[in-house]
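**Student:**
Numbering (full-length UniProt numbering), first residue to last: 1 to 279.
1) According to DSSP, is residue 288 helix, strand or coil?
2) In three-state terms, what does DSSP make of residue 103?
3) Taking DSSP as the reference, what is the three-state secondary structure of residue 16?
4) Tell me the start and end of each unbroken beta strand (DSSP E) in the segment 180-242 that is at least 3 residues and wholly inside, in chain order.
5) How big is the Cα-Cα spacing for residue 193 and residue 77?
6) Suppose you measure from the CA of residue 4 to the CA of residue 10; what does that come to, to the nearest Å?
7) Confirm, please, whether the CB-CB distance from residue 255 to residue 173 is below 8 Å.
8) Who are residue 90's beta bridge partners in DSSP?
9) Between the C-alpha atoms of residue 44 and residue 15, what's the straight-line distance to the nearest angstrom?
10) Rounded to the nearest angstrom, what separates residue 185 and residue 131 at their Cα positions?
11) DSSP state of residue 34, grouped into three classes?
12) Taking residue 133 as the reference, which of 271, 278 and 262 has the closest Cα?
13) Using the Cα positions of residue 257 and residue 13, report the straight-line distance between them to the nearest angstrom.
14) Figure out for me which residue from 93, 52, 63 and 82 has the closest Cα to the Cα of residue 182.
15) For residue 253, count neighbouring C-beta atoms within 10 Å of its own C-beta (all shown protein chains included) and say buried if the count is 16 or more, exposed if not.
16) Residue 276: buried (16+ other C-beta within 10 angstroms of its C-beta) or exposed?
17) Quick check: the Cα distance between residue 273 and residue 89, rounded to an integer number of angstroms?
18) According to DSSP, what are the bridge partners of residue 39?
19) Between the alpha carbons of residue 245 and residue 25, how many angstroms are there, rounded?
20) Do you know how far the Cα of residue 86 is from the Cα of residue 153?
21) From residue 20 to residue 240, what does the alpha carbon distance come to, in whole angstroms?
In structure tokens:
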């Protein structure tokens with residue numbers, strides 16, 4: 001990023017993850033703002049930054065591994081130094097179709113806590129943080145005691161919790177637990193963010209047309225997933241643009257009274273699973 005762009009002191013938007021959802025959200029929120037795009041894959045980051053720059057966005061790519069606390073803290077400090085932090089949207093994550101249980105827990109679970117903790121230090125009045133979770137988090141089987149521990153344990157203690165250790169090598173269960181942990185972590189963090197005049201929420205997408213969902217569709221569970229989309233009545237997958245619109249709402253002035261909650265954007269699939277799906 002040039003010094004000129006930094007000197008303009010525009011509002012700052014941070015997006016972690018340069019995949020389909022991340023880039024759609026960056027496009028939706030980034031106009032007229034300084035955009036920080038964070039991604040672990042340097043190649044993917046460079047391609048996304050080049051595309052956004054060619055479209056006129058003032059974008060700064062920051063190689064970031066969300067599972068590494070120091071990496072996330074560096075990102076938060078750089079973003080806070082560039083202007084008023086308007087929004088942080090955490091989309092970085094991995095799926096059960098592409099990663100091991102251990103990696104899922106390190107990225108989706110611990111990485112999300114690193115993002116919440118790091119940006120809590122730099123959030124100011126009007127800052128909004130949105131964590132992209134998943135519809136899958138609504139179907140994790142956890143006790144109230146397990147959820148309380150996931151909501152409050154220090155990042156370095158999370159992998160040792162009973163509910164996390166019980167996951168073993170089951171990547172699907174790891175994904176569901178990590179995404180439910182996102183929900184309860186945000187609920188627990190909402191009080192501190194409210195006291196700063198800031199907001200924190202989650203968005204839980206259903207099946208969205210991204211490279212990650214394509215990998216899931218091609219996995220052994222893919223046929224079942226696609227059949228449920230039809231049976232719930234939606235008849236299609238969602239688009240990254242629809243997630244971007246939900247995030248725009250939660251980070252905009254019309255949602256200042258929305259805090260510590262989850263917004264399902266799944267075409268009604270979760271409702272169908274709860275009320276209509278044959279067990």
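Built from N, CA and C at the ideal position, the CB exists for glycine as well.
**Tutor:** The relevant details are as follows:
1) Residue 288 falls outside the range modelled here, since the chain spans only 1 to 279, and no answer is possible.
2) helix
3) strand
4) 199-205
5) 18 Å
6) Annotation note: pLDDT 47 at residue 4 (below 50); position unreliable, coordinate value reported separately. In a straight line, the C-alpha of residue 4 is about 11 Å away from that of residue 10.
7) no
8) 16 and 131
9) Take the alpha-carbon of residue 44 and the one of residue 15: they are about 14 Å apart.
10) Computed Cα separation, rounded: 10 Å.
11) strand
12) 262
13) 20 Å
14) The shortest C-alpha separation from residue 182 is found at 93.
15) exposed
16) exposed
17) Approximately 28 Å between the Cα atoms of the pair.
18) 63
19) Counting only the Cα atoms, residue 25 lies some 8 Å from residue 245.
20) 27 Å
21) Distance between the alpha carbons of residue 20 and residue 240 is about 6 Å.
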